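Take a look at the structure set out below.
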Amino acid sequence: DTGVSQNPRHKITKRGQNVTFRCDPISEHNRLYWYRQTLGQGPEFLTYFQNEAQLEKSRLLSDRFSAERPKGSFSTLEIQRTEQGDSAMYLCASRQDRDVLGYTFGSGTRLTVV
Amino acid sequence: AQSVTQLDSHVSVSEGTPVLLRCNYSSSYSPSLFWYVQHPNKGLQLLLKYTSAATLVKGINGFEAEFKKSETSFHLTKPSAHMSDAAEYFCVVSSFSNDYKLSFGAGTTVTVRA
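Taken in sequence, the protein lines are chains A and B. Here my numbering is used: the first residue of the first sequence is 1, the next is one more, and so on. Here my numbering is used: the first residue of the second sequence is 1001, the next is one more, and so on.
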């Protein structure tokens, strides 16, 4: 068990470009969550999966954002046509269905849009 | 609906003196409550969690928190601050009504003076 892995750790992109982040959860965790943390704020919920099914998307998630978990294992978060306001830390967390409080967080991907 | 309010955005203490971080919560159902710590450029680390067992919860690194339903509070304390306690602290709420998604407070930055 190597914990929740997120790649890349850092991403700098130009405004208007597309970016994709990857999250590899703990192998036996079937729930996977994405959060966004801007400077000076707590993490905000974006979306989550149970296996491959996306259960909910936050109203914070504009149409430029899409998340997938195609085989119920790793997940990707894509941002199209990035804007400077997308600059943030994107956090991934996972847990088992039956362990409702047993969250494990990754170290995050820090996105800077210039 | 669930939410937390961290009453202090910044707390400054001298090394060796007590630390108090205040958190009030709102939840339609019986909440589970957490405190997480985030050191600079590091991931989120769980300090402690309340799950309706004992109201006084002991965590790692000498931290503890007391759940007070009548006051809807979950304040975090430590008897003696150490330089390594300088970090960002987040109070978090979760409940059945929200499928156990985590809702974070805005955070409290702790500075420890030598």
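C-beta atoms are modelled at their ideal positions from N, C-alpha and C, and glycine is treated no differently. The structure presented is a predicted model; accordingly, all values stated were derived computationally and were not measured.
Under the three-state reduction of DSSP, which class applies to residue i: helix, strand or coil?
i: residue 45 of chain A; result: strand
i: residue 1024 of chain B; result: strand
i: residue 1085 of chain B; result: helix
i: residue 1090 of chain B; result: strand
i: residue 1097 of chain B; result: helix
i: residue 6 of chain A; result: strand
i: residue 14 of chain A; result: coil
i: residue 1012 of chain B; result: strand
i: residue 114 of chain A; result: coil
i: residue 1017 of chain B; result: coil
i: residue 1003 of chain B; result: strand
i: residue 1103 of chain B; result: strand
Could you tell me whether any Cβ in chain A is nearer than 8 angstroms to the Cβ of residue i?
i: residue 1111 of chain B; result: no
i: residue 1051 of chain B; result: yes
i: residue 1107 of chain B; result: yes
i: residue 1043 of chain B; result: yes
i: residue 1067 of chain B; result: no
i: residue 1029 of chain B; result: no
i: residue 1102 of chain B; result: yes
i: residue 1003 of chain B; result: no
i: residue 1073 of chain B; result: no
i: residue 1012 of chain B; result: no
Taking only the alpha-carbon atoms, compute the straight-line gap between residue i and residue j and give it to the nearest angstrom.
i: residue 1107 of chain B; j: residue 29 of chain A; result: 27 angstroms
i: residue 1085 of chain B; j: residue 1112 of chain B; result: 7 angstroms
i: residue 65 of chain A; j: residue 1048 of chain B; result: 33 angstroms
i: residue 1004 of chain B; j: residue 17 of chain A; result: 35 angstroms
i: residue 103 of chain A; j: residue 1050 of chain B; result: 14 angstroms
i: residue 1028 of chain B; j: residue 61 of chain A; result: 25 angstroms
i: residue 1121 of chain B; j: residue 81 of chain A; result: The requested residue 1121 of chain B does not occur in the structure, where chain B is confined to residues 1001 to 1114.
i: residue 45 of chain A; j: residue 91 of chain A; result: 9 angstroms
i: residue 93 of chain A; j: residue 12 of chain A; result: 22 angstroms
i: residue 1012 of chain B; j: residue 1110 of chain B; result: 6 angstroms
i: residue 1074 of chain B; j: residue 95 of chain A; result: 24 angstroms
i: residue 1038 of chain B; j: residue 1026 of chain B; result: 23 angstroms
Does residue i get closer than 8 angstroms to chain B when you measure Cβ to Cβ?
i: residue 43 of chain A; result: yes
i: residue 101 of chain A; result: yes
i: residue 108 of chain A; result: yes
i: residue 48 of chain A; result: yes
i: residue 21 of chain A; result: no
i: residue 105 of chain A; result: yes
Return the residue from the list the options that minimises the CA-CA distance to residue i.
i: residue 10 of chain A; options: A:42, A:89, A:95; result: A:89
i: residue 1091 of chain B; options: B:1053, B:1079, B:1045; result: B:1045
i: residue 1030 of chain B; options: B:1017, B:1083, B:1100; result: B:1100
i: residue 6 of chain A; options: A:81, A:105, A:38, A:112; result: A:105
i: residue 85 of chain A; options: A:3, A:15, A:98, A:49; result: A:15
i: residue 1002 of chain B; options: B:1024, B:1068, B:1087; result: B:1024
i: residue 27 of chain A; options: A:83, A:100, A:2; result: A:2
Could you tell me which whole beta strand (DSSP E) segments of length 3 or greater appear in the region 1032 to 1075 of chain B? 1032 to 1038, 1044 to 1050, 1056 to 1058, 1064 to 1068
At 3 residues or longer, what runs of the beta strand (DSSP E) sit wholly inside the region 25 to 107 of chain A? 31 to 37, 44 to 50, 53 to 57, 65 to 68, 75 to 79, 88 to 95
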